[in-house]
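Residue numbers (the working numbering): 11 to 527. All residues carry an ideal CB built from backbone N, CA and C; glycine is no exception. Computed from a predicted structure; not experimentally measured. Written below as structure tokens is the structure these notes are about.
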Amino acid sequence: MISKYWSVEKVQVLLLIGLCFFAFGLSFSKIILSLSTIYLSLITLLEWDKKKYWNAFKSNAAFSILLLFISFHFLNYFWTDNTEFFWKDINIKMSFYALPFVFLFNQTLEKKHIHIVLYCFLSGLFLSSLINFIHYFVYTSQTDFREMSIFLSHIRFGLMMSIGVSVSIYLMFFNEKKHRIFFIFLILWFLIYIYFSEVISAYISILISAVFYFCYYLHTKWNKKIVLLFLGFLLVLITSITFYYIQKIKVLESKIIYPKTNELTIKGNQYESFPTNKTMVNGTPVYTYICKKELEEEWCKVSDQNLHAQNSNGYVTYYILLQYMSSKGYLKKDAQHFKKLSKKDIKNIEKGIYNCCVDKSYGMINRLQDIKREWNDNDPNGKTIRQRIEYFKVALHLFTNNWLIGVSSGDLEDEFNNYYKTVDSKLWSANRLRTHNQFLTYFASFGIIGGGLFLLFCVLFFNYIIKKKNIYYFIILTLLILSFMSEDTLETQMGASITGFFIGILSFKERIMHYEN
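This is the structure:
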């Protein structure tokens with residue numbers, strides 16, 4: 011036991027160093043996270059105190075279920091064919107499996123120590139977001155804001171930014187008034203970054219956080235009737251805003267017109283159409299009245315970019331051109347209508363902008379327009395929602411055919427690939443991914459036993475947080491669980507590390523994030 015030889019203060023310093031490195035590394039490096047996890051786990055083992063650890067373990071029933079789930083994951087080894095991927099999966103989830111217990115068993119740290127760790131988290135988050143922002147707007151020609159994140163997935167980074175807003179609000183109230191301007195700046199910066207990032211899950215997270223904070227404020231200042239009145243008003247407001255945005259991006263369901271027999275362009279060339287593809291942009295069908303020959307000839311006159319090559323966003327410029335012309339209301343895609351495009355229109359097409367309206371909008375409107383475009387395209391490739399529907403179908407198939415113990419975490423990817431081949435999926439090889447829903451992933455991997463244990467852990471830990479009656483706990487955990495619904499959060503090292511870190515923070519002492527007005 012390390013505490014026999016070193017004082018409590020020295021053990022605190024050792025833990026604090028590891029946690030600070032981990033918190034800062036969340037925004038930057040997997041290597042830092044791996045080394046920090048090993049270091050913190052080693053300190054916890056060296057400080058072994060059976061009685062203290064057992065008492066801490068009994069104080070939180072959710073962690074008993076988590077330990078059972080981890081044990082079941084290791085048992086998967088005995089019916090896994092792909093053992094190499096099995097150990098890779100264990101390695102990815104190591105931070106999620108280790109960090110909660112590091113916090114649970116090491117209760118010697120004080121509130122001021124946790125605050126230092128959170129300062130490191132915010133420092134890393136601010137620095138990485140600033141680097142992302144400068145790199146995107148100064149050093150790249152990307153037009154997809156979702157490519158802004160250079161250190162980790164934009165989805166994971168959006169989750170961290172959303173949590174960063176809540177952490178900043180919390181720390182703001184624990185500092186003197188003269189220091190609060192710094193946290194106000196951080197909150198505004200994070201919100202600006204989230205707006206430009208075009209991550210729908212981050213928008214939803216911020217909206218939910220704002221609603222919870224405001225309801226909490228009303229509840230503490232007034233009574234429940236005021237809260238209910240506000241929620242009613244909010245429902246009307248959200249409905250109105252939703253209707254407004256739908257109108258802005260609505261595709262007019264006009265009847266698709268196909269070329270008449272032998273109908274020619276002004277230059278005497280034949281039109282072609284593709285009746286099976288009913289894609290429309292701004293109410294105009296895309297794949298009708300197309301004269302490819304004339305478009306190729308006219309494009310070469312105004313651009314050096316290869317019309318049939320992929321642009322920086324991965325889309326073929328030719329199809330961007332067809333959609334852009336449709337967005338301007340041009341039913342016919344021929345030389346006559348191509349000449350109506352301005353120099354700015356050509357630049358937009360070269361950048362991969364498919365809709366003339368997108369160039370005038372940013373953030374959420376832009377992303378909603380993209381989603382509408384994706385939904386009206388029969389091809390699922392490169393379409394976020396349609397691809398996820400395909401992933402869900404595969405996961406449900408695997409679960410229903412292996413409902414008791416699942417296909418095992420080691421064989422999950424192989425089973426997905428086999429199913430794609432069996433049904434001759436429309437998805438390209440690069441897009442044949444896994445579920446993008448953590449709950450479905452675990453039910454497919456571990457069946458009703460493992461999936462049920464994970465779901466039970468989430469329910470018990472959520473109940474544990476509700477009993478604390480702490481708004482900061484509640485919002486952060488809600489954001490994590492929401493990420494499980496929209497992403498395979500725990501299937502990447504960064505996602506597993508974020509989850510393990512904050513579950514540990516939330517389980518650390520009763521009132522660590524409590525603030526009295």
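Q: Find the nearest neighbour of residue 346 within the set 305, 318 and 125, judged by alpha-carbon distance.
A: Counting from one through the sequence shown, the residue named residue 346 turns up at place 336. Out of 305, 318 and 125, 305 has the C-alpha closest to the C-alpha of residue 346.
Q) If you draw a straight line from the C-alpha of residue 515 to the C-alpha of residue 199, how long is it? A) Translated into the one-based positions of the sequence shown, residue 515 becomes position 505. Translated into the one-based positions of the sequence shown, residue 199 becomes position 189. Residue 515 and residue 199: Cα-Cα distance of roughly 24 angstroms.
Q.
Taking DSSP's pairing of strands, which residues face residue 291 in a bridge?
A. Residue numbering aside, residue 291 sits at position 281 when the sequence shown is read from its first letter. DSSP output for residue 291 lists 294 as bridge partner(s).
Q: Report the partner residues of residue 326 according to the DSSP bridge assignment.
A: As a first step, residue 326 is located in the sequence shown; it is residue number 316 there, counting from the start. Partner(s): 320.
Q: Kindly provide the ranges of any alpha helix (DSSP H) runs that are 4 or more residues long and lie completely inside the stretch 73-144, ordered along the chain.
A: 93-102, 104-115 and 121-144
Q.
Within 10 Å of its beta-carbon, does residue 74 have 16 or more other beta-carbons around it, so buried, or fewer, so exposed?
A. Locating residue 74 in the sequence shown gives position 64, counting from the first residue. By the neighbour-count rule (16 or more Cβ atoms within 10 Å), residue 74 is not buried but exposed.
Q) Looking at C-beta atoms only, is the number of pairs between the stretch 131-140 and the stretch 98-105 that lie closer than 8 angstroms three or more? A) no
Q.
Going by DSSP, what residue range makes up the alpha helix (DSSP H) through residue 43?
A. Counted from its first residue, the sequence shown places residue 43 at position 33. Where residue 43 is concerned, the enclosing alpha helix (DSSP H) stretches over 40-56.
(Q) If contact is defined by three or more beta carbon pairs under 8 angstroms, each pair taking one atom from either stretch, is the stretch 174-185 in contact with the stretch 470-486? (A) yes
Q: Go ahead and label residue 91 buried or exposed: buried means 16 or more other beta carbons lie within 10 angstroms of its beta carbon, across all protein chains shown.
A: For the purposes of this step, residue 91 is taken as the residue at position 81 of the sequence shown. So residue 91 counts as exposed.
Q | Rounded separation between residue 464 and residue 79 - CA only | A | Taking the sequence shown and counting its residues from 1, one reaches residue 464 at position 454. Taking the sequence shown and counting its residues from 1, one reaches residue 79 at position 69. So the alpha carbons of these two residues sit roughly 6 angstroms apart.
Q: Note down, in chain order, each residue of its chain lying with its Cβ closer than 6 angstroms to the Cβ of residue 512, except the 5 sequence neighbours on either side.
A: Residue 512 sits at position 502 when you count from the first residue of the sequence shown. Cβ within range, chain order: 486.
Q.
Check whether the stretch 57-73 and the stretch 162-169 touch, using three or more Cβ-Cβ pairs below 8 angstroms as the test.
A. no
Q | Boundaries (first-last residue) of the alpha helix (DSSP H) holding residue 488 | A | Here residue 488 refers to the residue found at position 478 when the sequence shown is read from its first residue. That run of the alpha helix (DSSP H) goes 481-496.
Q. Residues in its own chain within less than 7 angstroms of residue 584 by CB, not counting five upstream and five downstream?
A. What is shown of the chain runs 11 to 527, which leaves residue 584 out entirely.
Q. Residue 123 and residue 26: beta carbons closer than 7 angstroms?
A. As a position in the sequence shown, residue 123 is number 113, starting the count at 1. As a position in the sequence shown, residue 26 is number 16, starting the count at 1. Taking 7 angstroms as the Cβ cut-off, residue 123 and residue 26 qualify as a contacting pair.
Q. Which residue comes first and which comes last in the alpha helix (DSSP H) that contains residue 346?
A. As a working note, residue 346 is residue 336 in the sequence shown. Looking at the DSSP string, the run of the alpha helix (DSSP H) that includes residue 346 is 345-348.
Q) Looking at the structure shown, is residue 282 part of a helix, part of a strand, or coil, going by DSSP? A) For this step, residue 282 is matched to residue 272 along the sequence shown. In the three-state scheme derived from DSSP, where H, G and I count as helix and E and B as strand, residue 282 is classed as strand.
(Q) Which of the three DSSP states is assigned to residue 274 in this structure? (A) The count along the sequence shown starts at 1 and reaches residue 274 at position 264. Residue 274 falls in the strand class under three-state DSSP.
Q | Residue span of the alpha helix (DSSP H) that contains residue 420, given as start and end | A | The residue you call residue 420 lines up with position 410 of the sequence shown. No alpha helix (DSSP H) contains residue 420, which DSSP labels as neither H nor E.
**Q.** C-alpha distance - residue 299 paired with residue 313, whole-angstrom precision
**A.** For the purposes of this step, residue 299 is taken as residue 289 along the sequence shown, with counting starting at 1. For the purposes of this step, residue 313 is taken as residue 303 along the sequence shown, with counting starting at 1. Near 23 angstroms, if we compare the C-alpha coordinates of residue 313 and residue 299.
(Q) Based on DSSP bridge pairs, tell me the residues matched to residue 300. (A) In the sequence shown, residue 300 corresponds to position 290, counting from 1. For residue 300, which the question treats as bridged, DSSP gives the partners 282 and 343.
Q. At a cut of 8 angstroms, does the stretch 329-338 reach the stretch 351-361 through at least three beta carbon pairs?
A. yes
Q) From residue 166 to residue 135, what distance separates their C-alpha atoms? A) The residue you call residue 166 lines up with position 156 of the sequence shown. The residue you call residue 135 lines up with position 125 of the sequence shown. In a straight line, the C-alpha of residue 166 is about 12 angstroms away from that of residue 135.
Q.
I need the straight-line Cα distance from residue 70 to residue 216, nearest angstrom please.
A. For the purposes of this step, residue 70 is taken as residue 60 along the sequence shown, with counting starting at 1. For the purposes of this step, residue 216 is taken as residue 206 along the sequence shown, with counting starting at 1. Using only the alpha carbons, I get a separation of about 29 angstroms.
(Q) Considering only the alpha carbon of each residue, which of 418, 435 and 481 lies closest to residue 459? (A) Numbered from its first residue, the sequence shown carries residue 459 at position 449. Considering only alpha carbons, the answer is 418.
Q) residue 341: which of 296, 19, 315 and 329 sits nearest, CA to CA? A) On the sequence shown, residue 341 is found 331 positions in, with the first residue counted as 1. Nearest C-alpha to residue 341 among 296, 19, 315 and 329: 296.
Q | For residue 364, three-class secondary structure by DSSP | A | Here residue 364 corresponds to residue number 354 of the sequence shown, with the count starting at 1. The answer is coil: DSSP assigns residue 364 none of H, G, I, E or B.
Q: Please check the pair residue 181 and residue 125, which I expect to be a contact at CB under 8 angstroms, by giving their CB distance rounded to whole angstroms.
A: Looking up residue 181 in the sequence shown gives position 171. Looking up residue 125 in the sequence shown gives position 115. About 7 angstroms separates the two Cβ atoms, so the contact holds.
Q) How do the stretch 397-406 and the stretch 430-450 stand: do at least 3 beta-carbon pairs fall below 8 angstroms, yes or no? A) yes
Q.
Please classify residue 149 as buried or exposed, where buried requires at least 16 other C-beta atoms within 10 Å of its C-beta.
A. Counting from 1 along the sequence shown, the entry for residue 149 is found at position 139. Residue 149 comes out exposed.
**Q.** Option nearest residue 57 by Cα separation, candidates 83, 107, 115 and 110
**A.** For the purposes of this step, residue 57 is identified with residue 47 of the sequence shown, where counting begins at 1. Measuring from the Cα of residue 57, the nearest candidate turns out to be 115.
Q.
Between which residues of its own chain and residue 24 is the CB-CB distance below 6 angstroms, once the five residues before and five after are set aside?
A. What you label residue 24 is simply residue 14 of the sequence shown in a count that begins at 1. 53.
Q: Compare the C-alpha of residue 416 against each of 456, 399 and 444 and name the closest.
A: Here residue 416 is taken as the residue at index 406 of the sequence shown, counted from 1. Nearest C-alpha to residue 416: 456.
Q: May I have the straight-line CA-CA distance separating residue 414 from residue 496, to the nearest angstrom?
A: Looking up residue 414 in the sequence shown gives position 404. Looking up residue 496 in the sequence shown gives position 486. Looking at the two C-alpha atoms, the distance is approximately 24 angstroms.
**Q.** Reduced DSSP secondary structure (H/G/I, E/B, other) of residue 603
**A.** There is simply no residue 603 to check, as the chain begins at 11 and stops at 527 in what is shown.
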